[in-house]
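Everything below concerns the one structure shown next.
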Amino acid sequence: MTAHWPYHEDEFEDGEDGAGTMVRPYTITHGRTAPERDDLTLITVLTTADDPRDAHGAAVRPGRLQPEHRLILERCRRPAAVAEVSAGLDLPVSVTKILLADLVASGLLIARAPLSVARASGGARMSVLAAVRDGLRRL
Amino acid sequence: MTTSQAAPTAVKILIAGGFGVGKTTLVGAVSEVAPLRTEELLTQASVGVDDLAGVGQKDTTTVALDFGRITVSPELVVYLFGTPGQERFWFMWNDLVNGALGGVVIADTRRLETSFASIDFYESRDIPFVVAINCFHGHNTRTADEIRAALDLDPHVPLLVGDVRQRPFGRDVLLALVDHLMSLPVAAG
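In C-alpha cells form, the structure reads like this:
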C-alpha cells in the first residue's frame, strides 16, 4: 500500500489502536468495508452541494467530519469523478467510495450517475456518441 | 468559491494491452490532464461479496490503473482507463468494465501474443473494440492483413497502425472506435 493519511488521534473515537503514519486502508472508515450506497462507480461525478438541505428542508451543517471528508468537499467544488477523488486522496477506490457515500447520505455531496451506454438505449446512445466524436475531432 | 458548477455526466473507454505496450502513453497523448493513478483493493473473496471483514491483508491485492479525461462538452466527459496489465484482475473488478462505451487494444508487432488476452476479454464481455498497433519502437515489418490474421480479428474490427505517443494518432484511434460503435446495430431488448 502507498502512504495514507497521517493518523490524528483526536479524529477517532477509539484512539487506542494504530499510532503510526501508515494505517490499514479501512482504518479511515472506522472498519467499514462497504459504502452506505452501492451505486457509486469509478465515473460517478460528485459535486459539493451549494446549499445542502436534509430531508426536512433544514440546512445541513457539516458536523464532525474527518479531514478526508473535508478534503473531498473542497475538491468537489469542481465536479470530479470517483476515480479522480480517489487519485487525489491517494486512497483506494473502495475506501474513497465509503467516504463519498457518507457525504452523499448527509446531503453535502451530490452524485451524478454515468450515462447509460447500453446498446439497447438506441437514440440516446447515438447522440452521446456523436457528442464524443465531435469533441474528439477538436483534439 | 461559493457556487458549484453544473455537473457533467461521464462515459468511459478502456485502454487494454500487455505490459509496457503503451497504454498510459496513449492516455497521456489525448488526455487534457497528465494521467492520474488510482488503485483498488481486490480480494478473491470480494467477487460478489460486499463484506470483507476479516479478510487478511495477505489475501488483498492492490491493483493500480492510470486514467485521463477528455471534456468533450460542458455536459459530457470521457474518461480513459488504462486497464491493469494482468487480465485476471479485470474479472475481479466489475466497476472498471461495467458500462464501458468500448475499448482499445494496443498491440506491439514484436509480441502480438501479449494482446490476445485483451482481445479475448473484450469479446467475452461483448465490449466493442478497435486495435491500435503501436510502432513507436520503429519499424513494423508486417502488413495489416498479416497482423489481422495473427490476431484472428473479425473483419469488421478496425485496425490502425501508428505511434501512440502522437496525439493525432490517439485521436484517430478513439474516433475509429466511436465510428465503429455508431456502425453497430442496436441490440434487441
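Respectively, the protein sequence lines represent chains A and B. For the first sequence, counting from 1, position 73 maps to 73 in the working numbering; every step adds exactly one. For the second sequence, counting from 1, position 55 maps to 55 in the working numbering; every step adds exactly one. All residues carry an ideal CB built from backbone N, CA and C; glycine is no exception.
- Here threonine 47 of chain A is buried: its Cβ has 16 or more other Cβ atoms, across all protein chains shown, within 10 Å.
- Chain-order list of chain A residues neighbouring glutamate 40 of chain B: Pro92, Val93, Ser94, by C-beta distance under 7 Å.
- Judged by DSSP secondary structure, serine 106 of chain A falls outside any alpha helix (DSSP H); it is assigned neither H nor E.
- Of all residues in the segment 108-140 of chain B, none places a beta-carbon less than 8 Å from a beta-carbon of chain A.
- A distance of 8 Å or more separates the beta carbons of alanine 29 of chain B and glycine 103 of chain B.
- Going by beta carbons, glutamate 87 of chain B and serine 124 of chain B fall outside the 8 Å limit.
- At a cut-off of 3 residues, the continuous stretches assigned as beta strand (DSSP E) that sit fully inside the segment 12-100 of chain A are 45-48.
- A distance below 7 Å between beta-carbons, with the five flanking residues on each side excluded, links leucine 184 of chain B to the following residues of its chain, in chain order: Pro128.
- Taking 9 Å as the cut-off between beta carbons, the residues of the segment 48-63 of chain A near chain B are Thr48, Ala49, Asp50, in sequence order.
- Rounded to whole angstroms, the separation of the alpha carbons of threonine 41 of chain A and valine 82 of chain A is 7 Å.
- Your pair leucine 136 of chain A and valine 178 of chain B checks out as a contact, with CB atoms roughly 7 Å apart and the cut at 8 Å.
- The DSSP-derived three-state label of asparagine 94 of chain B is helix.
- Comparing alpha-carbon positions, the option among B/Leu175, B/Cys135, B/Ala149 lying closest to isoleucine 70 of chain B turns out to be B/Leu175.
- Among the CB atoms of chain A, one or more fall inside 8 Å of the CB of aspartate 95 of chain B.
- For a cut-off of 8 Å, the C-beta gap from glycine 18 of chain B to glycine 82 of chain B is around 12 Å, too long to register as a contact.
- Annotation note: the segment 83-168 of chain B contains the following uninterrupted beta strand (DSSP E) runs of length 3 or greater, listed N- to C-terminal: 102-107, 129-134, 159-162.
- Annotation: valine 157 of chain B to leucine 112 of chain B spans about 16 Å, alpha carbon to alpha carbon.
- Chain B has no Cβ within less than 8 Å of the Cβ of threonine 27 of chain A.
- Between proline 79 of chain A and proline 8 of chain B, the CB-CB gap stays under 8 Å.
- Per DSSP, leucine 41 of chain B is one residue of the beta strand (DSSP E) stretching across 36-43.
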